[in-house]
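Undergrad: In our numbering, the protein residues as written are 112 to 513. Please see the structure below; I have some questions.
Right, dumping it as structure tokens:
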């Protein structure tokens, strides 16, 4: 069985370099921050407030930044550990200390990745709750889904090898390098992938139900189908993350068996995190789910075309080309915001119904006055009798003249 001079197993080939990993870490933070900034810009400009799901996404962004910070601090120790295992580097006097730091950094990044991914999953659930919480059956299914997703998240956290990441270094070297322990760790990782896929399947059942059981436009169906492809990509990333162990953990009697490169595991966790965050920011606009009347859309297009024809007939000042470009950019900006404003504030016309009407009366009896009511009733009856008597009298000639 292959092992290095330190007594640790050799690892598989280095799939991603240390420098490339640094780039992916901070590029992911930048992309996620951009997606969240776009989401927050729309919310603040027209909703004037954040929803609870927005705060969850802000927490997820902070966790992702923390993962990048931990990676910036400890990736060099993690890569040194793998290089020593593979005989590429010679262990120095401080190797045990750096190995301890690398294992702890690896464990922290995995733990934060799992917590952040499940925060994003809860954002999805909160978003779908806002769409159909008025319906009893929908609310019951949503509650069951929350319990299942939280249970899956707790199971994923519990399957992390805490003793082999945060334990004593001698315990890690002597106990965590045995064949039985390595096999148990790989099995737990595979189970965590299965649990992750189950939670994703529960979450994706909500938009599938909306797509096939509600009346939405063809444009919205196309957009939703594209979103499903993105969500399907996140599930595919999860499956790939689990399948990477299949070709590594070979038969116990095979002498050249190697342990898996831990940096590759952390890398795929981070890719799943980044993709899930961006997809969540794209999905969480009701403009993909709200139904707008076709006539209203046609009227809006006609009005827009009329305004454009007026602008084309208006002579432009050739000396003011810069201001014309700025004006066009401003109109495009306003049109984009108006589109999101129409869709985000169209709460009464969501695809899901608002539930049965209330059975309570809207009459206010707190201002009832029996005396006033009696007097008004008597006056109304007297007035009605007077009008009835007058209607029976003959019409005077003076009143009948034109």
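Just so it is clear, CB atoms sit at the ideal spot from N, CA and C, and this is done for glycine as well.
Quick one: using the 10 Å Cβ neighbour count with 16 as the cut-off for buried, is residue 250 buried or exposed?
TA: The residue is exposed, with fewer than 16 neighbouring Cβ atoms inside 10 Å.
Undergrad: Quick check: the Cα distance between residue 128 and residue 136, rounded to an integer number of angstroms?
TA: The straight-line gap from Cα to Cα measures roughly 12 Å.
Undergrad: Give the DSSP-derived three-state secondary structure of residue 128 in the structure shown.
TA: Residue state, collapsed to three classes: coil.
Undergrad: What does a CB cutoff of less than 8 Å around residue 179 pick up in its chain, not counting 5 residues either side in sequence?
TA: Taken in chain order, the residues that qualify are 136, 137, 139, 140.
Undergrad: Just tell me which of 173, 230, 215 has its CA closest to the CA of residue 184.
TA: Selected option, being the one with the closest Cα: 215.
Undergrad: DSSP on residue 228, reduced to helix/strand/coil?
TA: In this structure, residue 228 counts as helix in the three-state DSSP scheme.
Undergrad: With a floor of 4 residues, list each alpha helix (DSSP H) that falls wholly inside the stretch 137–206, ordered by position along the chain.
TA: With a minimum length of 4 residues, the continuous alpha helix (DSSP H) runs that stay inside the stretch 137–206 are 163–196.
Undergrad: Is it the case that the Cβ atoms of residue 146 and residue 340 are separated by a distance below 8 Å?
TA: No, they are not a contact pair.
Undergrad: Taking the alpha helix (DSSP H) that residue 277 belongs to, which residues open and close that run?
TA: Unbroken alpha helix (DSSP H) run through residue 277: 274–277.
Undergrad: Spatial neighbours of residue 374 within its chain, please: C-beta separation below 7 Å, excluding the five flanking residues on both sides.
TA: Closer than 7 Å at the Cβ level, and outside the excluded window around residue 374, lie 127, 132, 189, 190, 193.
Undergrad: Grab the span of the alpha helix (DSSP H) containing residue 246 for me, first residue to last.
TA: Element bounds for residue 246: n/a, residue is neither H nor E.
Undergrad: The alpha helix (DSSP H) with residue 392 in it runs from where to where?
TA: Taken as a continuous stretch (DSSP letters only), the alpha helix (DSSP H) holding residue 392 covers 373–394.
Undergrad: Excluding sequence positions up to five away, which residues of its chain have a Cβ less than 6 Å from the Cβ of residue 311?
TA: Excluding sequence neighbours, residue 311 sits near 346.
Undergrad: Within 10 angstroms of the Cβ of residue 218, are there 16 or more other Cβ atoms? Answer buried if so, exposed if not.
TA: It is buried - the Cβ of residue 218 has at least 16 other Cβ atoms within 10 Å.
Undergrad: So for residue 281, helix, strand or coil by DSSP?
TA: Helix.
Undergrad: Between which residues of its own chain and residue 208 is the CB-CB distance below 8 Å, once the five residues before and five after are set aside?
TA: If we look at residue 208 and ignore the five residues flanking it on each side, it has no Cβ neighbours.
Undergrad: Suppose the cutoff is 7 Å on Cβ atoms and the five residues either side in sequence are ignored; what does the same chain contact list for residue 514 look like?
TA: With the chain represented from 112 up to 513, any question about residue 514 goes unanswered, as that position is not in the structure.
Undergrad: For residue 272 and residue 295, I'd like the C-alpha separation in whole angstroms.
TA: Their backbone Cα atoms lie some 9 Å apart in a straight line.
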